[in-house]
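Below: one structure, written as structure tokens.
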Amino acid sequence: MEEFGVLQLHRNKHFIKDCCAVINSEWPRSETARLHSLEASCDTLPTSLVLVKKLENNGNKAVIGHSKITPIPSMLGSCFVESVVIDHRYRGKGLGKFLMYKTEEYIKTLGINTVYLSTKDKEDFYSKLGYVRCPPVSIYGSFSSVQKLPVIISPSKKIYMKKKL
Ligand SMILES: CC(C)(COP(=O)(O)OP(=O)(O)OC[C@H]1O[C@@H](n2cnc3c(N)ncnc32)[C@H](O)[C@@H]1OP(=O)(O)O)[C@@H](O)C(=O)NCCC(=O)NCCS
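Residues 10 to 174, numbered by our numbering, are exactly what the sequence shown covers, in order.
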């Protein structure tokens with residue numbers, strides 16, 4: 010894996026457009042809105058991490074993946090991981106797992122020990138990394154207001170998962 014690395018986007022701003030393209034190839038959104046969200050990355054959360062690959066021909070690096078760590082202000086010691094994506098050409102090679110482990114390593118350096126995430130159809134991927142199902146978590150406020158509104162939760166079939174680091 011030495012040809013791969015995981016970097017903080019805000020310390021490597023020249024990757025921002027390529028990072029935007031990788032995310033938008035999976036979840037299309039206006040480039041302006043996406044760039045705006047990526048530009049919020051900072052040392053305190055939110056932080057976007059980019060998975061880069063060293064190119065053989067010139068030694069430059071190409072962005073091939075992304076993860077975003079978001080704070081949960083109401084839950085000290087916890088964070089939310091979202092927008093985890095690997096460029097479709099590089100999937101199925103263990104790089105999603107590598108990116109998640111590096112993301113967790115980074116989270117631990119912040120003194121955070123519980124990671125939450127939500128997913129519609131990648132439960133098996135996250136289970137293999139040690140995540141288990143949990144009640145819905147809102148990054149904006151209390152849980153109970155979300156749990157009492159099944160009409161919001163059920164159409165998307167989104168599930169929540171957590172892992173203690
Ligand atoms: C989900 C994603 C990040 C996985 O990345 P990846 O590089 O293909 O995954 P890896 O090769 O590291 O797989 C790690 C393990 O998870 C398994 N796995 C990967 N994707 C899976 C899936 N969709 N369903 C079930 N298992 C999966 C692999 O078989 C592998 O198992 P193993 O350790 O027993 O060999 C990638 O498929 C992706 O970017 N998908 C589109 C975006 C997305 O849906 N992101 C998640 C949002 S919640």
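Glycine included, each C-beta is placed from N, C-alpha and C at the ideal position.
Inset, instruction - Run the proximity test for residue 124: is its beta-carbon closer than 7 Å to any non-hydrogen atom belonging to ligand 1? - result: no
Legend entry - Closest by C-alpha distance to residue 10, when choosing among 145, 135, 102 and 170: 102
Inset, instruction - Evaluate residue 63 with the Cβ neighbour count: other Cβ atoms within 10 Å of its Cβ, from every protein chain shown; 16 or more gives buried, anything less gives exposed. - result: exposed
Legend entry - Beta-carbon proximity of residue 55 to residue 25, cut-off 8 Å: no
Legend entry - In DSSP terms, what residue 57 is bridged to: 77
Legend entry - 6 Å CB neighbourhood of residue 95 in its chain, flanking five on each side removed: 74, 104 and 105
Legend entry - Nonlocal neighbours in the same chain, by C-beta distance under 6 Å from residue 59, ignoring five residues either side: 16, 18, 24, 28, 72 and 75
Inset, instruction - For residue 113, I'd like the list of residues in its chain whose CB is within less than 7 Å of its CB, leaving aside the five on either flank, ordered along the chain. - result: 124 and 174
Inset, instruction - Spell out whether any CB of chain D is found under 8 Å from the CB atom of residue 62. - result: Annotation note: the requested chain D is absent from the structure, which comprises a single protein chain.
Legend entry - residue 38: CB within 7 Å of a non-hydrogen atom of ligand 1: no
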